[in-house]
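Worksheet for the structure shown next.
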Amino acid sequence: MPFKTVLAVVGGKDTAAGLQQAISLCAGSEAHLSVLALQVALSPTLSDYPVDTDWLDRRHHHQHDFKAAAEAHDAACAASGISYNFASFYDEPVFLTEELTRRAFYADLITVGPRVMANASLIGITVNGGLFDAMSPVLLLPEGDQASLRPKRIMLGWNNKIEAIRAVRESMDMLMAAEAVYVVVVDPESPYADHDGEPGAELATFLARHGVNVTVDQIPSGGRPVEDVLNQRALEVWADMLVLGAYGHARWRQRIFGGVTSSMMKGVKLPTLLVR
Numbered sequence: 003m004p005f006k007t008v009l010a011v012v013g014g015k016d017t018a019a020g021l022q023q024a025i026s027l028c029a030g031s032e033a034h035l036s037v038l039a040l041q042v043a044l045s046p047t048l049s050d051y052p053v054d055t056d057w058l059d060r061r062h063h064h065q066h067d068f069k070a071a072a073e074a075h076d077a078a079c080a081a082s083g084i085s086y087n088f089a090s091f092y093d094e095p096v097f098l099t100e101e102l103t104r105r106a107f108y109a110d111l112i113t114v115g116p117r118v119m120a121n122a123s124l125i126g127i128t129v130n131g132g133l134f135d136a137m138s139p140v141l142l143l144p145e146g147d148q149a150s151l152r153p154k155r156i157m158l159g160w161n162n163k164i165e166a167i168r169a170v171r172e173s174m175d176m177l178m179a180a181e182a183v184y185v186v187v188v189d190p191e192s193p194y195a196d197h198d199g200e201p202g203a204e205l206a207t208f209l210a211r212h213g214v215n216v217t218v219d220q221i222p223s224g225g226r227p228v229e230d231v232l233n234q235r236a237l238e239v240w241a242d243m244l245v246l247g248a249y250g251h252a253r254w255r256q257r258i259f260g261g262v263t264s265s266m267m268k269g270v271k272l273p274t275l276l277v278r
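Each residue of the sequence shown is one higher than the one before, counting from 3 in this note's numbering.
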């Protein structure tokens, strides 16, 4: 599916670089940019009760600083000359999640920059509202990277799960246009391998029928974390983008035990497309 509307999630002024990445992304693919600036409202702590004027002043300044950053973000979009719309919200996490979900319904892709990924509140809102509730693809953009929606070399992590095949379908336009696509199966003898034939072979045949130049790599982890294996292989094949099926387990299990997706998000090395 082509990405014609990109929803960029940003926060305060420290997320300006992530916004510029989204602007460049849309400019290079003639996509419409929908910017959603979010800030979790300052809540009182136990020591702030009963709430007094000092706490109200702190909240007012917190909101004022966010408003100033949001206005600067809006100005940056206007100066870029691309097609865009802009909205900002200062509220509690539950309401911000609802707003993000609603807007994600009308976007093909969500982007988050490194500062949003490092913000536990904002990335939590994006994962819950974007990946889980709206089931929208999320593109993670690492520090300083100028990503493209037309990558030349793509690495696809494969484990024969529904999330992985959804990732293939969501990224098919990019896979077909890429010069090379590497399907990587980590620990092919694991329960995640294909039931019949060589692990990854059926997917390779499916992609080849679409004209994708595909290579299958079966890599033993040797006891290393899967995310380390994927990141290392991506560097070896000079991948411009990594495509992964995300959060194969229930949301509560991910929160308690973590998983490959959570680990990948903590150490993104290259633009990474997550699909659930």
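We treat Cβ as the ideally placed atom computed from N, Cα and C, and that holds for glycine.
Bear in mind the structure is a predicted one, so any value in this text is a computation, not a measurement.
- Looking at the DSSP output, S36 shares a beta bridge with L9, N87.
- Per DSSP, the beta bridge partners of R155 are A182.
- If you look at M119, you'll find it in the alpha helix (DSSP H) that goes 116 to 119.
- At the C-beta level, F208 and L111 stay beyond 8 Å of one another.
- Between E73 and the set S150, E100, V140, A39, the nearest pair of CA atoms involves A39.
- For V187 against W160, the beta-carbon gap comes to about 5 Å, under 8 Å, which counts as contact.
- For L272, there is no enclosing beta strand (DSSP E), as DSSP marks it with neither H nor E.
- Counting C-beta atoms within 10 angstroms of its own C-beta, R278 has 16 or more neighbours from the protein chains shown and is therefore classed as buried.
- In this structure L141 touches A149 by the C-beta definition: roughly 7 Å separates them, less than 8 Å.
- A Cβ-Cβ distance of about 6 Å is found for the pair W240 and R155, placing them in contact under the 8 Å criterion.
- DSSP places G20 in the uninterrupted alpha helix (DSSP H) bounded by 18 to 31.
- Excluding the 5 residues flanking it on each side, N130 has same chain C-beta neighbours closer than 6 Å at T99, in chain order.
- Beta-bridge partners of Y92 (DSSP): Q41.
- Counting only residues of its own chain and dropping the five nearest sequence neighbours on each side, P222 has a CB closer than 7 Å to the CB of D189.
- Judged by DSSP in its simplified three-state form, M137 adopts coil rather than helix or strand.
- Distance check between L272 and each of A182, I167, D147 places D147 closest, using alpha-carbon atoms only.
- Counting the other CB atoms within 10 Å of its CB gives V96 a total below 16, which places it among the exposed residues.
- The beta carbons of L35 and S85 sit closer together than 8 Å.
- For V231, the enclosing alpha helix (DSSP H) stretches over residues 228 to 238.
- When DSSP states are grouped into helix, strand and coil, D242 belongs to the coil group.
- Taking 8 Å as the upper bound for CB-CB distance, H75 and L21 are in contact here, some 6 Å apart.
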